[in-house]
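Below you'll find the structure, written out as structure tokens, and then a few comments.
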Amino acid sequence: MFDWQAFLGWNVIVHFGLLLLATLMVAGATDWVVRIHQMMFDLPRERLLLSYWYFLAFYKVIIWALFLGPYVVIRWLM
């Protein structure tokens, strides 16, 4: 039988780690990240910064909905 609790628990850890890394990159290396994305997409700096924070917020909601929520429910039921 597949261990969903362990699977979801590890997914929470991995994805929150990736979220932390992405947040640190946006907050700490903003100029470098913006320069790379401006070369790729030719967008203004303000639009890129707003897009980064929208992405981080959306990613956090997805982690909560797909991994942390089910993990807490399974943990509570067992």
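So the number in the numbering used here is just where the residue sits in the sequence shown, counting from 1, plus 435. Built from N, CA and C at the ideal position, the CB exists for glycine as well. All figures in this text were calculated on a predicted structure; none of them were measured in a lab.
Backbone CA spacing between residue i and residue j [nearest angstrom]
| i | j | result |
| --- | --- | --- |
| Arg482 | Phe437 | 43 Å |
| Tyr494 | Leu454 | 7 Å |
| Arg480 | Leu491 | 17 Å |
| Tyr506 | Met513 | 11 Å |
| Trp467 | Met474 | 11 Å |
Rounded distance between the beta-carbons of residue j and residue i, thought under 8 Å
| i | j | result |
| --- | --- | --- |
| Ile498 | Val461 | With a Cβ gap of about 16 Å, Ile498 and Val461 do not count as contacting. |
| Leu443 | Phe502 | 5 Å |
Segments assigned alpha helix (DSSP H), at least 4 residues, entirely inside the region 449-508: 465-476 and 480-498
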